[in-house]
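Undergrad:
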Amino acid sequence: MDINLALAQLPQQFVNGLTLGCVYALLALGYCMVYGVLEMLNFAHGEVFMVGGYLGWGVISVLIVGAAPAAAPLLVLVVMLVTAMVGAGALGVGIERFAYRPLRSSSRLAPLISALGVSIFLQNTVMLAMGTRGKMYPTRAIIPPEWTLSFGDVTITGTRLLIIGLSIILMFALNYFVQGTRWGRGMRAVAQDREEASYLGIDANKMISLTFLVGSVLAGAAGVLIGLYYTQVDFLMGWAAGMKAFTASVLGGIGNIQGAMLGAIVLGLVESLGAAFISPAYKDIIAFAVLVAVLVLKPSGLMGENLPDKV
Amino acid sequence: MERLGIISNNFTTLEAASSAMGRLRAAFDAIDQRYRLGAVVLLAAAFPFLVGQNPYLVRVAGTIGLYVMLAVGLNIVVGFAGLLDLGYVAFYAIGAYTYAFLASPHFGLHLPFLAVLPLAALAAAVCGVLLGYPVLRLRGDYLAIVTMGFGEIIRILLINLAPITNGPNGISKIDGANILGVNLNQVLEFGFLRSESVVNYYYLSLVFAAGCLLVASRLNRSRIGRAWQAIRDDETAAQCMGIHKSNLKLLAFASGALFAGVAGVIFAAWQQFVSPETFTLNEVVTIFCMIVLGGTGRLLGVVVGAVVLVTLPEFLREYSIYRMAIYGAVLVLIMRYRPQGLLGKAAERVRPVLAGDQVATLAERVESHCLPGPLAQPLPAGTPLLEVADLSKSFGGLKAVQGVSFTVRQGEIVSIIGPNGAGKTTLFNLISGLYRPSSGSIRYLGRSIVGLPPHRLAALGIVRTFQNLRLFGGMTVLENVLVGLHCRLEGGLLSIVLNTSSFRRTESIARAKAIALLDALGHGLAERRDDLVLTLTYADRRRVEIARALASGPRLLLLDEPVAGMNSAEAEEMMNRIGHLRDAGYTILLIEHHMNVVMGISDRVVVLDQGRKIAEGTPEAVQKDERVIEAYLGRRRSKWAKTTA
């Protein structure tokens, strides 16, 4: 490839990568928080994100007739996000209650399999209910194409602005919630030592539910955002995106919230730059290669702490 | 409401089924293992003819055989060694594609099945080591994600390297298996018996599945299997018992990969077609489910898991489109109501080698066959065994140990005492190789041992116990002690797999020795040898930990608070026991807070405070030392000054 052409593309690819990274980050936070509290991989998290995407589509199908929204576009957007976030939140809490909580005292693998079961179940139930073909998001009717910023060769569409902006707002909100409120303090206490926290009067079960709630709410929002970005949702999207997001949270140092955000942005950038400059077919290989390289050099991830083994 | 009724009905059915499963298992366990095995083998061998060579049923049964191979291999990695490998299917792909490359019109090569099989298995095993090496340091979920990445990379390469792999279309017209002139694709006739092609492949799959099970079960019962489980339960303790962690992890990766490679070859020869679609993450997930569903680590469970998960979607076929949703729900429900797996997680029962009353006679045999250990060559009393000079260790700004020097001589009991945070356990971690000193030297029998890994030190005869008891929780009492024998046992991979008579002899001597050790520690431990170690009382676990350390035949025994958590009678008994160990020729360095024990048995006492040695001498001298009293009770004058101020 011509090097000048490549360099000219760089800023645009950077924006693309950042957008993708933001969506991964919203999703990665859910993996990261659940891991922090329960030390388990919530394989069903990607499915929660997918259901969020479908809930957003449900709102569109009610509120948008033909090509024009029945209400103000902004209002439609807000209703979509709120519906998806509430629905996904409830789903996440329900999954934890039914499929994970009874298994808390058993081996590490049991909740993993249960999570896989939930994932397979949700994927296929959504497929049965909504059909095998994806559902279209009329993004243009909600975010007019005119809302685009241009800096020379770089264009940032309204959708991308929305994704980046909303993700940053949500991440700041989460950070405040975890660091600055008594709920967040309770969650951190349970993550550090569940038993000790419950001696101190913290209801560990409630905090675990809360963790799933917060993570799933973010996943619901991410589902709508990705629907707007790709202008469609399908029942398989949760698995692939979930794996990417999980990779991102490991890259950043699993269990570390800022690490998950950083890991997701890095992964998004690596993927889109790799796709542009090497080959789209190998973008996943490049993403995983970066992950392996980081972990081999720093086994606890970008921001993870190397704790000495306690003897 | 009606639907709710159906759902709750399903719950009760499931619970009933699981309790029926429990009863079935009890009945099953009651039958002698040999008859059980014989019956299963007979049934499996007769199966195609019992169903009248029904091609559909035979194909499903053959598929079960393939999955048994895969699941047994993954079980070595996940169940035995505890390594979460989500890229396992890549080795299956490597096996299958190796056969496809070497025995198809694709490259015009048509090597015979029996020539490709070892090549493909080797290729998969080598890839297992190549994947394993860089990820050795990673733990648990990090390992899971990196291996998953590896699996995806292989799949994407298969899709995109079209000139070599023919891309997403895969490779077709692969040669069928032709074994020593017998073409399995043809109908074979044995007298009045006619065997269709699908039946031939069923037998191929059955033979290899049985072979994999046999090899895995032999590995599981050998020193290698025990070492894997020890690593799974507690890596650090395993290393300190003389287990070479990295090598054994690589061996687990390689063995698992090898099984998958073999399965891949059989798959390719049977289907005569391979494509990247077969080797997805979903496939790994299915194999994982088989292992967990049956009961992790249990080979019989793996077979049950494979049978259930291959046949379940077939039973659900009539619900066609709903079947995957039901499959997912069933997984959740099984985990919810039987999280330990359908067969439970009971330790695989090993036929008792010895009855209780045979212990004494065997103890004599142990004397004559004594496994070589450092104690075999006695040293004159008073020889300097361990010389620590000017040893320091800092963690960031914290100086945990500063310039400590002392010597331990053959036949001594030396105690290290000091207030909490004095650096006692750090000192032990330095001597046993878990930490590298910041400066200073540690010499053992005149040789520097700085930088040697814990497993090397155990082999040289330095072995330790832990303050917070680090037994292998998933193993029985006897197995824990046998892990201690690891570095004294010979027996390579080949002798284990072939179950040679010399391997069987060492194994039975090892068992006898372990039982004799347990017997020597009393408290009925020898009788309780097949109980899981976690069912023992705290004091008994301390005793087992000491038995485990003694099993490795050490010269120098490092005991970290051996009587912590014991009542005074138990502590006194332990104190006498430690005295007997010295009389038997062991040299002992111990950390202890229990002053009666320390003062009662020690030849010398080293006192640490804030990382420095503040006194050393006989118990009497140390007790009178001003600085020791000050370290424990505080300075009299300053205390006085505080209260008057």
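Line by line, the protein sequences give chains V and Y. For what it's worth, my numbering labels the leading residue of the first sequence as 111, then goes sequentially. For what it's worth, my numbering labels the leading residue of the second sequence as 611, then goes sequentially. Think of the CB as a built atom: it goes at the ideal place given N, C-alpha and C, for glycine as much as any other residue. Note that this is a predicted model, so its numbers are computed, not measured.
Do you know how far the Cα of V:Val264 is from the Cα of V:Gln123?
TA: 9 angstroms
Undergrad: For chain Y, find out if any of its Cβ atoms is closer than 8 angstroms to the Cβ of V:Gly140; answer yes or no.
TA: no
Undergrad: What is the C-beta distance between Y:Leu996 and Y:Val1018, in whole angstroms, given that I count them as a contact (C-beta under 8 angstroms)?
TA: Contact holds; Cβ gap of about 4 angstroms.
Undergrad: Using a Cβ cut-off of 7 angstroms, pull out every chain Y residue sitting near V:Asp394, in sequence order please.
TA: For the C-beta of V:Asp394, the chain Y residues within less than 7 angstroms are, from N- to C-terminus, Glu762, Ile766.
Undergrad: What are the residues that DSSP puts in a beta bridge with Y:Val792?
TA: Y:Ile789
Undergrad: Could you tell me the alpha carbon to alpha carbon distance between V:Ala220 and V:Leu213, rounded to whole angstroms?
TA: 7 angstroms
Undergrad: Below 8 angstroms, can you find three or more Cβ-Cβ pairs linking the stretch 869-879 of chain Y to the stretch 749-765 of chain Y?
TA: no
Undergrad: Can you tell me which of the three DSSP states Y:Lys1034 falls into?
TA: In the three-state reduction of the DSSP assignment, Y:Lys1034 falls in the helix class.
Undergrad: Cα-Cα, which of Y:Asn892, Y:Gly1033, Y:Glu806 is closest to Y:Pro1047?
TA: Y:Gly1033
Undergrad: From the DSSP output, which residues share a beta bridge with Y:Tyr1054?
TA: Checking the DSSP bridge columns, you'll see Y:Tyr1054 partnered with Y:Leu996, Y:Arg1057.
Undergrad: Measure from the alpha carbon of Y:Ala1241 to the alpha carbon of each residue in Y:Arg1222, Y:Val682, Y:Pro1229, Y:Val808, then state which is nearest.
TA: Y:Arg1222
Undergrad: How would you label Y:Asn1078, buried or exposed, when you count the other beta carbons within 10 angstroms and need 16 or more for buried?
TA: exposed
Undergrad: Could you tell me whether the stretch 1087-1094 of chain Y touches the stretch 877-897 of chain Y, where touching means 3 or more Cβ pairs closer than 8 angstroms?
TA: no
Undergrad: Does the beta-carbon distance from Y:Glu1202 to Y:Ser1025 come in below 8 angstroms?
TA: Yes. Within cutoff.
Undergrad: Excluding the 5 residues flanking V:Phe153 on each side, which residues of the same chain have their C-beta closer than 6 angstroms to its C-beta?
TA: Ala225, Leu226, Ser229
Undergrad: Under a CB-based cut-off of 8 angstroms, is Y:Asn1059 close to chain V?
TA: In the sequence under discussion, the amino acid at residue 1059 of chain Y is Ile, which differs from the Asn named in the question. Chain V, which has no Cβ nearer than 8 angstroms to the Cβ of Y:Ile1059, makes this no.
Undergrad: Can you tell me whether V:Ser326 is buried or exposed? The criterion is at least 16 other CB atoms within 10 Å of its CB, across all chains shown.
TA: buried
Undergrad: What does the Cβ neighbour count give for Y:Lys1234, buried or exposed, with the cut at 16 atoms within 10 Å?
TA: exposed
Undergrad: Can you give me the Cβ contacts of V:Thr249 inside the same chain, cut-off strictly under 7 angstroms, excluding the 5 residues immediately before and after it?
TA: Thr269, Leu338, Thr341
Undergrad: Ignore the nearest five residues each way along the sequence and tell me which others in Y:Ser856's own chain have a CB closer than 8 angstroms to its CB.
TA: Leu746
Undergrad: If contact means a Cβ-Cβ distance below 7 angstroms, which residues of the stretch 178-210 of chain V contact chain Y?
TA: When CB distances to chain Y are screened at a threshold of 7 angstroms, the residues of the stretch 178-210 of chain V falling below it are Ala209, in chain order.
Undergrad: 8 angstroms is my cut-off, CB to CB: does V:Leu338 come that close to chain Y?
TA: no
Undergrad: Please list, in chain order, the chain V residues whose beta carbon lies closer than 9 angstroms to that of Y:Ala935.
TA: Within 9 angstroms Cβ-Cβ: Ile230, Phe231, Leu232, Gln233, Asn234, Thr235, Met237, Leu238.
Undergrad: How would you write the range of the alpha helix (DSSP H) that V:Phe345 sits in, first residue to last?
TA: That residue, V:Phe345, is in no alpha helix (DSSP H); it is neither H nor E in DSSP.
Undergrad: Taking DSSP as the reference, what is the three-state secondary structure of V:Tyr233?
TA: The sequence given here has Gln at residue 233 of chain V, not Tyr. In the three-state reduction of the DSSP assignment, V:Gln233 falls in the helix class, which pools H, G and I.
Undergrad: Are the CB atoms of Y:Thr1075 and Y:Ile1125 nearer to each other than 8 angstroms?
TA: no
Undergrad: For V:Glu149, does the three-state DSSP call read helix, strand or coil?
TA: coil
Undergrad: Relative to the C-alpha of Y:Gly915, which residue among Y:Ala848, Y:Gly675, Y:Ile766, Y:Asn1039 is closest?
TA: Selected option, being the one with the closest Cα: Y:Gly675.
Undergrad: Please give me, in chain order, every unbroken run of the beta strand (DSSP E) with length at least 3 that falls completely inside the stretch 1046-1114 of chain Y.
TA: 1049-1054, 1072-1074
Undergrad: Taking 8 angstroms as the threshold (beta carbon to beta carbon), is V:Ser277 in contact with chain Y?
TA: No, V:Ser277 lies away from the interface with chain Y (no Cβ there is under 8 angstroms from its Cβ).
Undergrad: Count the other CB atoms, across all protein chains shown, that sit within 10 Å of the CB of Y:Lys783; report buried if there are 16 or more and exposed otherwise.
TA: exposed
Undergrad: Can you tell me whether Y:Asp1219 is helix, strand or coil according to DSSP?
TA: In this structure, Y:Asp1219 counts as strand in the three-state DSSP scheme.
Undergrad: Just checking: is the beta-carbon of Y:Ala939 within a distance shorter than 8 angstroms of some beta-carbon in chain V?
TA: At a cut-off of 8 angstroms between C-beta atoms, Y:Ala939 counts as an interface residue with respect to chain V.
Undergrad: Considering Y:Val1232, what are the terminal residues of the alpha helix (DSSP H) in which it resides?
TA: 1229-1234
Undergrad: If we require 4 or more residues per run, which alpha helix (DSSP H) segments fall completely within the stretch 745-788 of chain Y?
TA: Segments of the alpha helix (DSSP H) lying fully in the stretch 745-788 of chain Y: 750-770, 772-775.
Undergrad: For Y:Pro1029, which residues of its own chain have a beta-carbon under 8 angstroms away from its beta-carbon, when the five flanking residues on both sides are left out?
TA: Only Asp1219, Ala1241, Tyr1242 meet the Cβ criterion.
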